[in-house]
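Trainee: Here the sequence shown is numbered in our numbering, starting from 556 and rising by one per residue. The structure under discussion is supplied below as structure tokens; questions concerning it will follow.
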Amino acid sequence: MIERRQVIGWAFWMSMLVPVTTVLLWSHGDVDEAHVSLTMLLVVLGGSIAGGRALGFTLSAVCIALINYFFQSPFELFTISKPLDWVVLLNFLATSFVATELLARAQQQAVAAEARASEVEALSRLGAESLQYATAEEAIAAVAELVRSAMNAGSCSILPLSHARNARATAVNDGVESLDANANECETIERAINTGRPTFLRGEHEIAEHSTNDIATPDAFVIRARFLALPLFAEERMIGLLVVRGAAPPDLDAPRRRLLAALGYYAALGIERMRLMAEAAQAEALREAQRAKDQIFASVSHDLRTPLTTIKVLAQSGAARGDPSSVAIAEQADRLAQMVGDLLELSRLRTGSISLSPELNTAEDLVGAALRQAEGMLNGRRVAVEIDFDSPALVGRFDFVHTLRIVGNLLDNALRHTPTGRTVDIRADRDARWLVITVADRGAGVAEDERERIFESFYRPSDATPDVGHAGLGLSIARNLAELQGGSVAYRPREGGGSIFELRLPAADVDDMAASEMGGAELS
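Structure (structure tokens):
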């Protein structure tokens, strides 16, 4: 269609020279060379507007030949006898060439401005339409429809990468339920996924790639393809594919490619939004399940306390009467009660129902209370305590009861993993603004890939031996209680074998201690 229009334009303006030349020859006695040049120049300008540079420059050359042959003496000869004739011809040539070039540039600028306006209108419409949709799927469908209309294509599909790998799978597109690609189109999609470059299908079989990932490069080539697969990226990670297909493929010149690249960016945002919304929904479902599980744990743990207390009382009564099995029942009831207590504590931590009362306390009192609790768990093991009295005051601001639970859990863990006859070391010192308590054992240590997982609830290493009465909650509870008080619990390997667990709590300054003592004196 465009070539036919160009042929008609060339034929019309070339034929226009015939009547113009005839009229000028008929009135030759009344006109001079200036009138002839201006009239011919009008024909050149008209042809330049219709056919661009090529037609304008061709008309200029033909007009020079006509002026020289018909309107400069000697007439009807291609000769130049006077220097002034050279000036006339050269002036006409320069004027016509400059006018043609200016008109061509003005036309190009007008086309570019129109394309820019179309791009801006399309992008503004896209922004407005994207905001009015509640779901990412609807926004993606709107982007697909906008690309289809902007590219004047038959269809447009925006495929997440999982769908793009199977080109016949159901896709998110402009109302089409499935992409239903043929073999050549599937091959085009596959090559686009493998290379990460825009890939085109020309004709029925010719598949070509763009030399760069950026389809919006400002080069002069024009892409003519009936099928286009454009990879979509988010932070250099391919997340999907934009597929444009049409029976009458558009000419993807630089402005259209620039618009397509911008629309592709919005399509990538839509796919990423859809992925994030799916992940958010899944995370919310997991949180709901976790909350339900915590509530069940709390309820069951609370309800188990009464029967456990009854079992222990009955077992103690049987032991008093000399029943040997009652002693074992009482011990197992204590272990089960401890596990139930851990479950209840974990549930309170996760539901945020635990209350803390931070006060000034000394590390010496904390370690002493933990040792008294652990006396029944030594079983041939020893505990060595080292308190650095040379450092600043070993006083911290923490909840004593819950911090005692932290140290008790760390000490219990160390004793369980320390062989009989070996020693567990406890040290308390000061590190700048932190009160530091370390519990070190001589056990087997922890594998490097499990040094953070041991703080997860219910986590037990795959090679761990069954340990009745311990559900893998002690370290998780210890870390959570420490973090609630602005502290931390961390693991590091011990030189020579074993493990070191380090508890850090906010330390108190001497000024804080003096202010606390003064407040107590005023109250008394």
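Backbone N, C-alpha and C fix where the C-beta goes; we use that ideal spot for every residue, glycine too. Everything numeric in this text was worked out from a predicted model, so none of it was measured.
(1) Give the secondary structure of Y820 by DSSP, where H, G and I count as helix, E and B as strand, and everything else as coil.
(2) Tell me the DSSP secondary structure of N737 in three-state form.
(3) Going by beta-carbon coordinates alone, are E941 and R982 separated by less than 8 Å?
(4) Is it true that the CB of V599 sits closer than 8 Å to the CB of A508?
(5) Are there 16 or more other CB atoms within 10 angstroms of the CB of P715, so buried, or fewer, so exposed?
(6) Could I get the ranges of all uninterrupted beta strand (DSSP E) runs contained in the region 886-966, with 3 residues as the minimum, in chain order?
(7) Enumerate in chain order the residues of its own chain whose CB-to-CB distance from F567 is below 8 Å, with the five nearest sequence positions on each side excluded.
(8) Please say whether L824 and A719 have beta carbons closer to each other than 8 Å?
(9) Do T978 and L1060 have their CB atoms nearer than 8 Å?
(10) Is it the case that the region 989-1001 contacts the region 1048-1062, given that we only count it when at least three CB pairs across the two stretches are under 8 Å?
(11) Thinking C-beta only, is R608 closer than 8 Å to E669?
(12) Of the choices I794, R800, N737 and L787, whose alpha-carbon is the least far from that of F755?
(13) Name the one or two DSSP bridge partners that L869 has.
(14) Please classify G976 as buried or exposed, where buried requires at least 16 neighbouring CB atoms within 10 angstroms.
(15) Three-state secondary structure (DSSP) at V798?
(16) Which first and last residues belong to the beta strand (DSSP E) in which Y1046 is found?
(17) Leaving out five residues on either side along the sequence, give the residues of the same chain with a beta carbon under 6 Å from the beta carbon of G1027.
(18) Applying the criterion that 16 or more other CB atoms from any shown protein chain within 10 Å of the CB defines a buried residue, is A888 buried or exposed?
(19) If you reduce the DSSP assignment to three classes, tell me which class A789 lands in.
(20) Quickly, what does DSSP pair D984 with across the bridge? List them, please.
(21) Would DSSP call T650 helix, strand or coil?
(22) Sorted by chain position, which residues of the same chain lie with C-beta nearer than 8 Å to A874's C-beta, five sequence neighbours on each side aside?
(23) Could you check which residue in S912, L818, R752 and S717 has the C-alpha nearest to that of E791?
(24) Run the CB neighbour count on R554, radius 10 Å, all protein chains shown included, and call it buried at 16 or more, exposed below.
(25) Out of curiosity, what's the CA-to-CA distance linking A694 and A999?
(26) Looking only at its chain, what residues have a beta carbon closer than 6 Å to the beta carbon of A691, apart from the 5 residues adjacent to it on each side?
(27) Check each candidate in A835, A948 and L1030 and name the one with the smallest Cα separation from R1008.
(28) If you count every other CB in all the chains shown that lies within 10 Å of the CB of S592, and 16 or more means buried, which is it?
(29) Could you please give the first and the last residue of the uninterrupted beta strand (DSSP E) stretch that includes T690?
(30) Would you grab the beta carbon distance between R985 and A1062 for me? Rounded to a whole angstrom, and I think it's under 8 Å.
(31) Would you please state the rounded distance, in angstroms, between the beta carbons of R936 and L911? I believe it to be under 8 Å.
(32) What is the DSSP secondary structure of P879, counted as helix, strand or coil?
(33) Could you check whether T594 and L579 sit closer than 8 Å to each other, using their CB atoms as the reference points?
(34) Check each candidate in N749, R927 and L644 and name the one with the smallest Cα separation from L596.
(35) With a threshold of 16 other CB atoms inside 10 Å of the CB of G877, please say whether the residue is buried or exposed.
Mentor: The relevant details are as follows:
(1) What you label residue 820 is simply residue 265 of the sequence shown in a count that begins at 1. Of the three classes helix, strand and coil, the one that applies to Y820 here is helix, per DSSP.
(2) Along the sequence shown, one-based indexing puts residue 737 at 182. Coil.
(3) Counting from one through the sequence shown, the residue named residue 941 turns up at place 386. Counting from one through the sequence shown, the residue named residue 982 turns up at place 427. A contact, by the Cβ cut-off of 8 Å.
(4) Missing from the structure shown is residue 508; the chain here goes from 556 to 1079 and no further.
(5) Within the sequence shown, residue 715 is the residue found at index 160, counting from 1. Flag for P715 reads buried.
(6) Runs of the beta strand (DSSP E) lying entirely within the region 886-966 and spanning at least 3 residues, in chain order: 914-917, 937-942 and 950-953.
(7) As a first step, residue 567 must be located in the sequence shown, where it is residue number 12. Closer than 8 Å at the Cβ level, and outside the excluded window around F567, lie A605.
(8) Looking up residue 719 in the sequence shown gives position 164. Looking up residue 824 in the sequence shown gives position 269. It is not a contact, given that the beta carbons lie outside the stated cut-off.
(9) Walking along the sequence shown from the start, residue 978 turns up at place 423. Walking along the sequence shown from the start, residue 1060 turns up at place 505. No. Outside cutoff.
(10) yes
(11) Taking the first residue of the sequence shown as 1, we reach residue 669 at position 114. Taking the first residue of the sequence shown as 1, we reach residue 608 at position 53. No, these two residues do not count as a Cβ contact at 8 Å.
(12) By one-based count along the sequence shown, residue 755 stands at place 200. For F755, the nearest C-alpha among the options comes from R800.
(13) On the sequence shown, residue 869 is found 314 positions in, with the first residue counted as 1. Partner(s): none; L869 has no beta bridge.
(14) Taking the sequence shown and counting its residues from 1, the one referred to as residue 976 is at position 421. Label assigned to G976: exposed.
(15) Against the sequence shown, residue 798 aligns to sequence position 243. Here V798 sits in strand by DSSP.
(16) The sequence position of residue 1046 within the sequence shown is 491, counting from 1. Looking at the DSSP string, the run of the beta strand (DSSP E) that includes Y1046 is S1043 to P1048.
(17) As a first step, residue 1027 is located in the sequence shown; it is residue number 472 there, counting from the start. Only F1013, Y1014 and R1015 meet the Cβ criterion.
(18) Here residue 888 corresponds to residue number 333 of the sequence shown, with the count starting at 1. Buried.
(19) On the sequence shown, residue 789 is found 234 positions in, with the first residue counted as 1. Three-state DSSP puts A789 in a strand.
(20) Locating residue 984 in the sequence shown gives position 429, where the first residue counts as 1. Paired residues: V991.
(21) Looking up residue 650 in the sequence shown gives position 95. Reduced to three states, the DSSP call for T650 is helix.
(22) Within the sequence shown, residue 874 is the residue found at index 319, counting from 1. Excluding residues within five positions, the ones whose Cβ falls inside 8 Å are S881, V882 and A885.
(23) The residue given as residue 791 occupies position 236 in the sequence shown. Checking every option, the nearest Cα to that of E791 belongs to R752.
(24) Any property of residue 554 remains undetermined from this structure, which presents the chain solely from 556 to 1079.
(25) What you label residue 694 is simply residue 139 of the sequence shown in a count that begins at 1. What you label residue 999 is simply residue 444 of the sequence shown in a count that begins at 1. So the two alpha carbons sit approximately 56 Å from each other.
(26) Along the sequence shown, one-based indexing puts residue 691 at 136. For A691, where only same-chain residues beyond five positions count, the Cβ hits under 6 Å are G825, R828, M829 and M832.
(27) On the sequence shown, position 453 is the one that residue 1008 refers to. Of the candidates A835, A948 and L1030, the one whose C-alpha sits nearest the C-alpha of R1008 is L1030.
(28) Taking the first residue of the sequence shown as 1, we reach residue 592 at position 37. Under this definition S592 is a buried residue.
(29) Your numbering for residue 690 matches position 135 in the sequence shown. No beta strand (DSSP E) contains T690, which DSSP labels as neither H nor E.
(30) For the purposes of this step, residue 985 is taken as the residue at position 430 of the sequence shown. For the purposes of this step, residue 1062 is taken as the residue at position 507 of the sequence shown. About 6 Å separates the two Cβ atoms, so the contact holds.
(31) In the sequence shown, counting from the first residue as 1, residue 936 sits at position 381. In the sequence shown, counting from the first residue as 1, residue 911 sits at position 356. Between L911 and R936 the Cβ distance is about 31 Å, and since that is not below 8 Å, they are no contact.
(32) Here residue 879 refers to the residue found at position 324 when the sequence shown is read from its first residue. Of the three classes helix, strand and coil, the one that applies to P879 here is helix, per DSSP.
(33) Position 24 of the sequence shown, counted from the start, is the residue given in the question as residue 579. Position 39 of the sequence shown, counted from the start, is the residue given in the question as residue 594. Yes.
(34) Here the question's residue 596 lines up with position 41 in the sequence shown. When only C-alpha atoms are compared, the closest one is L644.
(35) For this step, residue 877 is matched to residue 322 along the sequence shown. By the neighbour-count rule (16 or more Cβ atoms within 10 Å), G877 is not buried but exposed.
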